[in-house]
Amino acid sequence: MTTLTIFSAPKPMRDPHIITIQRNAIQSWLALGPQVEVLLIGDEHGLAETAADFGVRHLPQVKTNESGTPLVSSIFDLARQHSASPLLCYVNADILFLPGLVESAAAVLRQCPEFLLVGQRWDLDITAPLEFTPGWDARLRADVRQRGRLHPPAGSDYFLFPRHLFTEIPDFAIGRAGWDNWMIYHAATQPWPCVDATPEVTIIHQNHDYRHLPGGQPHYRQPETQVNTALGGGQRNMYIVLDCDRELRHGRVGRPRLTLLRALRRLEMWLWPPDERPGRRLGLARRVRRLRRRLGKDAE
Numbered sequence: 045m046t047t048l049t050i051f052s053a054p055k056p057m058r059d060p061h062i063i064t065i066q067r068n069a070i071q072s073w074l075a076l077g078p079q080v081e082v083l084l085i086g087d088e089h090g091l092a093e094t095a096a097d098f099g100v101r102h103l104p105q106v107k108t109n110e111s112g113t114p115l116v117s118s119i120f121d122l123a124r125q126h127s128a129s130p131l132l133c134y135v136n137a138d139i140l141f142l143p144g145l146v147e148s149a150a151a152v153l154r155q156c157p158e159f160l161l162v163g164q165r166w167d168l169d170i171t172a173p174l175e176f177t178p179g180w181d182a183r184l185r186a187d188v189r190q191r192g193r194l195h196p197p198a199g200s201d202y203f204l205f206p207r208h209l210f211t212e213i214p215d216f217a218i219g220r221a222g223w224d225n226w227m228i229y230h231a232a233t234q235p236w237p238c239v240d241a242t243p244e245v246t247i248i249h250q251n252h253d254y255r256h257l258p259g260g261q262p263h264y265r266q267p268e269t270q271v272n273t274a275l276g277g278g279q280r281n282m283y284i285v286l287d288c289d290r291e292l293r294h295g296r297v298g299r300p301r302l303t304l305l306r307a308l309r310r311l312e313m314w315l316w317p318p319d320e321r322p323g324r325r326l327g328l329a330r331r332v333r334r335l336r337r338r339l340g341k342d343a344e
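Here the sequence shown is numbered in my numbering, starting from 45 and rising by one per residue.
This is the structure we're talking about:
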């Protein structure tokens, strides 16, 4: 039996650059070793052929919303129904995993029977197919150190958790903002330890544009993002990596170090009124958020 099932809902395989980075990503997941299985979910153009190319399972029977966008709830249900691994991991299809993910996940599981593992990504321009020959990961790490940028701690690209968690998820639209924030919020309210693996797990986001989305607009400007936010309970529930209550460092799960960004985030959340009604507290919270975001970008 495999230890970890990685599942994803890739974009249509039409744009040459999207094809390249998604095929790169899938190969990086498979390179994690025999303890990992990969599921590709959805009936997007070219996905069945891609799954066949790499010898991975394809699950096309995903439920969608009225716009035809796959639902996160259905994606997670399909992954759970068609796998037996003790650990599940959803990941965006433009993300490269480097070796060490399985070992880090196993270390967390030994310390926490229930948890959500997330982390910040490194942004990197990649325009050509990667060669997964011996030493590929060392070459990629060196490239990230030279050209990559650590993404601010807002938004998440992977979610790793024991398979019995997240059995009930609202009908979020995949590929739009909001649902990833809700995942962290939901873990925090259970409460399950929400572990920031940024110091230990390196993930790489292959930069791309938004030509595949309506109007070429980023996902956070799409109308479905507003629906996702409402389904998640509003802006106050849009948690980010800074809201994790644990951190993975040197194989140990502990309290995260207090940084300026974490301190500003705590102040922001303390100021944010539960009902989100306009007022002085909400205005102050938004000011703190703008400051935090500016400092977060400067700290990349």
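Quick reminder that beta carbons are idealized off the backbone N, C-alpha and C, glycines included. Since we're looking at a predicted model, the values are computed, not measured.
Near residue i, which residues of its chain fall below 7 Å by C-beta distance, leaving aside the five closest residues on each side in sequence?
{"i": "residue 318", "result": "280"}
{"i": "residue 65", "result": "138, 170, 250, 252"}
{"i": "residue 50", "result": "73, 80, 82, 133, 135"}
{"i": "residue 312", "result": "329, 332, 333, 336"}
Would you give the residue range spanned by the alpha helix (DSSP H) that residue i belongs to?
{"i": "residue 154", "result": "145–155"}
{"i": "residue 124", "result": "116–125"}
{"i": "residue 275", "result": "267–275"}
{"i": "residue 61", "result": "60–74"}
{"i": "residue 97", "result": "91–98"}
Between which residues of its own chain and residue i is the CB-CB distance below 8 Å, once the five residues before and five after are set aside?
{"i": "residue 176", "result": "71, 72, 75"}
{"i": "residue 91", "result": "54, 56, 57, 84, 102, 104"}
{"i": "residue 229", "result": "276, 277, 281, 282, 283, 287"}
{"i": "residue 100", "result": "70, 74, 81, 82, 83, 84"}
{"i": "residue 304", "result": "339"}
{"i": "residue 306", "result": "286, 300"}
{"i": "residue 320", "result": "278, 279, 280, 326"}
Give the range of the beta strand (DSSP E) segment to which residue i is assigned.
{"i": "residue 139", "result": "139–141"}
{"i": "residue 249", "result": "247–250"}
{"i": "residue 51", "result": "48–52"}
{"i": "residue 81", "result": "80–85"}
{"i": "residue 288", "result": "Residue 288 -> no beta strand (DSSP E), and no H or E assigned at all."}
{"i": "residue 135", "result": "131–135"}
{"i": "residue 161", "result": "160–162"}
{"i": "residue 167", "result": "166–168"}
{"i": "residue 101", "result": "101–103"}
Using a Cβ-Cβ cut-off of 6 Å (strictly less than) and excluding sequence neighbours within five positions of residue i, which residues of its own chain qualify?
{"i": "residue 410", "result": "The chain is shown from 45 up to 344; residue 410 falls before or after that span and cannot be answered."}
{"i": "residue 213", "result": "116, 117, 120"}
{"i": "residue 251", "result": "167, 169"}
{"i": "residue 243", "result": "293"}
{"i": "residue 107", "result": "115, 118"}
{"i": "residue 273", "result": "222"}
{"i": "residue 77", "result": "none"}
{"i": "residue 52", "result": "135, 137"}
{"i": "residue 98", "result": "70"}
How close, in whole Å, do the beta carbons of residue i and residue j come, if the pair is a contact with beta carbons under 8 Å?
{"i": "residue 160", "j": "residue 239", "result": "7 Å"}
{"i": "residue 180", "j": "residue 209", "result": "Actually they are not in contact, since the Cβ atoms of residue 180 and residue 209 sit about 32 Å apart, beyond 8 Å."}
{"i": "residue 153", "j": "residue 206", "result": "7 Å"}
{"i": "residue 232", "j": "residue 289", "result": "7 Å"}
{"i": "residue 129", "j": "residue 47", "result": "6 Å"}
{"i": "residue 194", "j": "residue 164", "result": "6 Å"}
Touching by the beta-carbon criterion (3+ pairs, under 8 Å), the region 134–153 and the region 197–206: By the Cβ rule, the region 134–153 counts as touching the region 197–206, because three or more pairs are nearer than 8 Å.
Segments assigned beta strand (DSSP E), at least 3 residues, entirely inside the region 294–333: Within the region 294–333, the complete beta strand (DSSP E) runs of at least 3 residues are 296–298.
Beta strand (DSSP E) segments (min. 3 residues) lying fully within the region 178–239: Listed in chain order, the complete beta strand (DSSP E) runs (minimum 3 residues) inside the region 178–239 are 202–206.
Any 3 or more C-beta pairs closer than 8 Å across the region 319–335 and the region 216–231: Here the region 319–335 makes no contact with the region 216–231; the two share fewer than three CB pairs at distances below 8 Å.
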